[in-house]
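Colleague:
In the numbering used here, the protein residues as written are 63 to 503.
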């Protein structure tokens, strides 16, 4: 009887993990699902030789990624309503000190040119799509003083971009629009704002929203916050140091916030304010993922401390530490593409000591692709767990508002339209008399 070879999933023994909130749960990591080949009828050749069957995506994995995509779309829709001012919505927040490589990290995960180091939060939605595209919008949910607006306003900013090289210029304009909320956002599309009178804000709680789709783009949703600053230059405002720190605290204090802490291996850990801000709080450690950048710039013989962090022996985190390598100066000057950079990153960790000599458990935490996969899995799982509770809370609040409306006295006006028309007619008559110089009766 002819036989064929099929791939059958063999699930590794369940292990104990912790949720983003620190509670232990049983899980079976996707990375621990093995596929073994078994012989089945109907696919050997007549001479007894084996014929390789066509390989297709596992339907179960395809459904898993589609579900993750749908969950993150729901999360983005919730954030766009401004309901996060009232509810603790799941979110990932990227935090780090200035110049630690946050923008390069996001570029390595998204394929978008380095995001401008901003003076406002940036909401990033990354999503798989057949064609690369980028949409930018502005979300205003606080006023110039930082107080919450009654209604959140989201405004599309320009048309959809299909060339990645256009993103940086548009993001700079979008950030200027956030810092000048009194101006029409369309004035910034052609730089007309540069000639407008007024003083922009130095930082703002309103955010620029960027939605990137494309092949090989991971499904991910996160906020990139302005870098924590230790000092300001000549002419700078010392109050900005506190303002940026308070902005970061307002995000990371929420129990459903996953913190992506970015630490540069180029600078002593103790000198990076973002690390002190996050790691001094035991509760934050329970929902923080650490990532080490600029690993190719570690001084000779200085890797031991960073390796201890990767192994969980120093500054341990529930979700552990990851290592990434971004494009270096030479590669930037040579115009190395995003896809090429990912290949160089993988080659670096596979061939360069001490990374190439690590055990499997640590090597599974090397590279931006593995980091992005882990982040997407944690966030979608958290959204799935919290969504029923969010729905119950919203329903309960809606019932309260409905009851308040029912308690209000019914309007005494039977025909509101007629009353408004009458008021307008009376106003017009009185205005005409004033214009004619006739004193009102």
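In this text, a Cβ means the ideal position worked out from N, Cα and C, and glycines have one as well.
Just to confirm before moving on: does the CB-CB distance between residue 388 and residue 170 stay below 8 Å?
Modeller: Cβ atoms of residue 388 and residue 170: closer than 8 Å.
Colleague: State the beta-bridge partners of residue 250 as determined by DSSP.
Modeller: None; residue 250 has no bridge partner.
Colleague: For residue 294, tell me which candidate among 305, 256 and 332 has the shortest Cα-Cα distance.
Modeller: If we check each option's Cα against that of residue 294, 305 comes out closest.
Colleague: Would you list the one or two residues that DSSP bridges to residue 166?
Modeller: In the DSSP output, where bridge partners are listed per residue, residue 166 has none listed.
Colleague: With distances taken Cα to Cα, identify the nearest neighbour of residue 153 among 224, 399 and 282.
Modeller: For the residues 224, 399 and 282, the minimum Cα distance to residue 153 belongs to 282.
Colleague: Could you give the distance in angstroms between the alpha-carbon of residue 311 and the alpha-carbon of residue 477?
Modeller: In a straight line, the C-alpha of residue 311 is about 52 Å away from that of residue 477.
Colleague: Runs of 4 residues minimum, wholly inside the region 395-433: which ones carry the alpha helix (DSSP H) assignment?
Modeller: Complete alpha helix (DSSP H) runs here, min 4: 400-413 and 422-425.
Colleague: What first and last residue would you give for the alpha helix (DSSP H) that runs through residue 287?
Modeller: Looking at the DSSP string, residue 287 is not in any alpha helix (DSSP H), and its letter there is neither H nor E.
Colleague: Among the candidates 322, 400, 262 and 219, whose CA atom is the shortest distance from the CA of residue 508?
Modeller: Outside the displayed span of the chain (63 to 503) sits residue 508, for which this structure offers no information.
Colleague: For the beta strand (DSSP E) that residue 496 lies in, which residues bound it at each end?
Modeller: Not the beta strand (DSSP E): residue 496 falls in the alpha helix (DSSP H), residues 478-498.
Colleague: Here's the rule: buried if 16 or more other CB atoms are within 10 angstroms of the residue's CB, otherwise exposed. What is residue 497?
Modeller: Exposed is the call here.
Colleague: When we look at the beta-carbon of residue 184 and count the other beta-carbons within 10 Å, is it buried (16 or more) or exposed?
Modeller: When all chains shown are included, residue 184 counts as buried.
Colleague: If we cut at 8 Å on Cβ distances, does residue 256 have a partner in chain D?
Modeller: Within the model displayed, chain D is absent; a lone protein chain is all it includes.
Colleague: Could you spell out where the alpha helix (DSSP H) holding residue 340 opens and where it closes?
Modeller: From DSSP, the alpha helix (DSSP H) with residue 340 extends over 335-341.
Colleague: Compare the C-alpha of residue 437 against each of 418, 134 and 376 and name the closest.
Modeller: Ranking the options by Cα distance to residue 437, first place goes to 134.
Colleague: At a cut of 8 Å, does the region 236-243 reach the region 255-272 through at least three beta carbon pairs?
Modeller: The region 236-243 is in contact with the region 255-272.
Colleague: Does DSSP classify residue 140 as helix, strand or coil?
Modeller: In the structure shown, residue 140 sits in a helix (DSSP, three-state: H, G or I).
Colleague: Just to check my reading of the structure: residue 372 and residue 424 have Cβ atoms closer than 8 Å, yes? What is that Cβ distance to the nearest angstrom?
Modeller: Rounded, the Cβ-Cβ distance is 5 Å, consistent with contact.
Colleague: Measure the Cβ-Cβ separation of residue 414 and residue 379 and say whether it is below 8 Å.
Modeller: No. Outside cutoff.
Colleague: Nearest by alpha-carbon distance to residue 216: which of 142, 168 and 328 is it?
Modeller: Minimum Cα distance to residue 216 is reached at 142.
Colleague: Do residue 408 and residue 382 come within 8 Å of each other at the CB atom, strictly closer than that value?
Modeller: Taking 8 Å as the Cβ cut-off, residue 382 and residue 408 do not qualify as a contacting pair.
Colleague: Per DSSP, residue 216 forms a beta bridge with which residues?
Modeller: Partner(s): 201.
Colleague: Considering only C-alpha positions, which residue in the set 255, 261, 239 and 272 is nearest to residue 228?
Modeller: The shortest Cα separation from residue 228 among 255, 261, 239 and 272 belongs to 272.
Colleague: What separation, rounded to the nearest whole angstrom, lies between the Cα atoms of residue 237 and residue 291?
Modeller: The alpha-carbon atoms of residue 237 and residue 291 are separated by roughly 18 Å.
Colleague: Note the first and the last residue of the continuous beta strand (DSSP E) segment covering residue 148.
Modeller: Taken as a continuous stretch (DSSP letters only), residue 148 belongs to no beta strand (DSSP E), as it is neither H nor E.
Colleague: Can you say whether residue 239 is buried or exposed, counting buried as having 16 or more other CB atoms within 10 angstroms of its CB?
Modeller: That one is buried.
Colleague: For residue 52, is the classification buried or exposed, using 16 other Cβ atoms within 10 angstroms of its Cβ as the cut-off for buried?
Modeller: As displayed, the chain neither begins before 63 nor continues past 503, which places residue 52 out of reach and without an answer.
Colleague: Classify residue 402 as buried or exposed, calling it buried when 16 or more other Cβ atoms lie within 10 Å of its own Cβ.
Modeller: Under this definition residue 402 is an exposed residue.
Colleague: Let me check understanding here. Comparing Cα to Cα, which of 452, 449 and 164 lies closest to residue 336?
Modeller: Of the candidates 452, 449 and 164, the one whose C-alpha sits nearest the C-alpha of residue 336 is 164.
Colleague: Tell me whether residue 294 sits in a helix, a strand or coil according to DSSP, three-state version.
Modeller: Coil at residue 294, not helix or strand.
Colleague: Can you tell me where the alpha helix (DSSP H) holding residue 221 begins and where it ends?
Modeller: Run containing residue 221: none; DSSP gives neither H nor E here.
Colleague: According to the Cβ coordinates, are residue 162 and residue 303 closer than 8 Å?
Modeller: Contact flag unset, no.
Colleague: Residue 209 by DSSP, collapsed to three states: which one?
Modeller: If DSSP states are grouped into helix, strand and coil, residue 209 belongs with coil.
Colleague: Quick one: measure Cβ to Cβ for residue 214 and residue 201, integer angstroms, because I've assumed they're closer than 8 Å.
Modeller: Contact holds; Cβ gap of about 7 Å.
Colleague: Classify residue 273 as helix, strand or coil using the three-state DSSP reduction.
Modeller: Correct three-state label for residue 273: strand.
Colleague: Could you have a look at residue 306 and say whether DSSP puts it in helix, strand or coil?
Modeller: In this structure, residue 306 counts as helix in the three-state DSSP scheme.
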